[in-house]
Amino acid sequence: MITPEAAYIICRFFFDIAALYLWGSSAYLWLLVPTSLSHDIWARQYRLRAFATGCIVATTVLALPLRSAILGGNWAHAFDFGAMLEVLTGTTIGTAWMLQAAGTAALFLACVAAPMRLRAGAVTIAAGFLLAGLAASGHAAMNTGWLRMLHRGNDIIHVLAGGAWFGALVPVALILPRLSDRRAGRDARRALVRFSTAGHVAVGVVLISGAANMFLIVGGFPIDWSVTYQLLLSLKILLVLSMVGLAICNRYVLVPKLSRSREAVAALRIGTVLEIALALAVVGLVAWFGMLEPVAM
Numbered sequence: 001m002i003t004p005e006a007a008y009i010i011c012r013f014f015f016d017i018a019a020l021y022l023w024g025s026s027a028y029l030w031l032l033v034p035t036s037l038s039h040d041i042w043a044r045q046y047r048l049r050a051f052a053t054g055c056i057v058a059t060t061v062l063a064l065p066l067r068s069a070i071l072g073g074n075w076a077h078a079f080d081f082g083a084m085l086e087v088l089t090g091t092t093i094g095t096a097w098m099l100q101a102a103g104t105a106a107l108f109l110a111c112v113a114a115p116m117r118l119r120a121g122a123v124t125i126a127a128g129f130l131l132a133g134l135a136a137s138g139h140a141a142m143n144t145g146w147l148r149m150l151h152r153g154n155d156i157i158h159v160l161a162g163g164a165w166f167g168a169l170v171p172v173a174l175i176l177p178r179l180s181d182r183r184a185g186r187d188a189r190r191a192l193v194r195f196s197t198a199g200h201v202a203v204g205v206v207l208i209s210g211a212a213n214m215f216l217i218v219g220g221f222p223i224d225w226s227v228t229y230q231l232l233l234s235l236k237i238l239l240v241l242s243m244v245g246l247a248i249c250n251r252y253v254l255v256p257k258l259s260r261s262r263e264a265v266a267a268l269r270i271g272t273v274l275e276i277a278l279a280l281a282v283v284g285l286v287a288w289f290g291m292l293e294p295v296a297m
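Taking the UniProt record's numbering, I'd label the letters of the sequence shown as residues 1 to 297.
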């Protein structure tokens, strides 16, 4: 039978993927893509956006009983209202869950009730709040005083920058075929240039804030592979560096060939899909080692 810990890791994976996608894709379409193209790509993502919102609602509902089961040491606590109430009112986990629930409610309202012309912006703000709330728990809570605040602030910056990078890849993959469209080609090129510019910033912030997190949590480089946390963190670093290498190849090898070769567009789209696949693996690792102790006890 699956353990509460494993169930929570799966739950957290789907929550994180959905929130990162909604934040990054909505922010990109709202702020960087020309209006007519933005509306078109936004409409094409309706089903994926609805699925992501549903994942966030479902995983938020499941998170509290799963946390209760983990703290209680067995599945019975997942169905014990009193145990869940203790977690909710007496732990930082409960505080984080309340923030997550508030963010989920705001996101749901943004998706279904915000005026259509304002919806991308509303989803961006709500998803950003939801991601920022993740810093209320986790390894940032192991510190005290100003160091805790610094760590949480760095966590927020890291997750928002990572989400901006990963989430925007989905609409980018949908925009690439428009390069050959006579009517939408100019807007598509403009959107991709803006993504490239913003992407440089996002990747730089991810690397810097990620390195800061590593030193705040582990105290140095993750070289003690007898500790599962550090082994998984090393794998995450390897995958992120692979994403960076792929992004550099896409930008500086394939993009200059776009005007001369149709094959370059197809190759760039494949490269973008590979980046998405690597990002999914990264989030899976984070969901896993986020439940572990970072150093040997």
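Glycine included, each C-beta is placed from N, C-alpha and C at the ideal position.
Under the three-state reduction of DSSP, P34 is assigned to coil, being neither helix nor strand. For a cut-off of 8 Å, the C-beta gap from P65 to M84 is around 6 Å, short enough to register as a contact. Residues A191, R194, F195, A198 of the same chain have their beta carbon placed closer than 7 Å to that of L32, with the five preceding and five following residues left out of the count. K236 sits close to L285, with the two beta carbons spaced by under 8 Å.
A buried status is given to W23, since no fewer than 16 other beta-carbon atoms sit within 10 Å of its beta-carbon.
Per DSSP, the continuous alpha helix (DSSP H) segment holding Y229 begins and ends at 228-249. With a cutoff of 8 Å on beta-carbon distance, A164 and L37 are scored as not near each other. Secondary structure note for I156: its alpha helix (DSSP H) is the uninterrupted segment 145-175.
Annotation for E293: V227, Y229 place their beta carbon closer than 8 Å to its own, counting only its chain and skipping 5 residues before and after. Residue burial is scored here from C-beta neighbours: S68 has at least 16 other C-beta atoms within 10 angstroms and is therefore classed as buried. In this structure, I17 is the residue among I17, N213, N74, I93 with its C-alpha nearest to the C-alpha of I56. Rounded to whole angstroms, the gap between the alpha carbons of R47 and I208 is 34 Å. Here V265 carries a helix assignment [DSSP, helix/strand/coil]. Between the region 269-281 and the region 239-249 there are three or more inter-stretch CB-CB distances shorter than 8 Å, so the stretches are counted as touching. When the alpha-carbon of A6 is set against those of N143, L29, R117, N74, the nearest one is in N74.
With a cutoff of 8 Å on beta-carbon distance, G121 and W42 are scored as not near each other. Taking C-beta atoms as the reference points, A19 and A105 fail to come closer than 8 Å. Each of A264, V295, G90, G162 was checked against the Cα of H200, and the nearest Cα belongs to G162. In its chain, beyond the 5 residues on either side, A287 have a beta carbon closer than 6 Å to the beta carbon of R12. In the three-state reduction of the DSSP assignment, L292 falls in the coil class. Judged by DSSP in its simplified three-state form, D187 adopts helix. Under the three-state reduction of DSSP, A113 is assigned to coil, being neither helix nor strand. Looking from the CA of F129, the closest CA among W146, R186, Q100 belongs to Q100. Between V244 and the set G220, T124, A202, the nearest pair of CA atoms involves A202. Between F14 and the set V283, M98, V206, L134, the nearest pair of CA atoms involves V283. About 4 Å separates the Cβ atoms of W225 and L231, confirming a contact at the 8 Å cut-off.
Take the alpha-carbon of D155 and the one of A212: they are about 9 Å apart. Comparing alpha-carbon positions, the option among Y8, A173, V61 lying closest to A102 turns out to be V61. In this structure Y252 is exposed. Its beta-carbon is surrounded by fewer than 16 other beta-carbon atoms within 10 angstroms. If you draw a straight line from the Cα of F166 to the Cα of Y21, it comes to about 7 Å.
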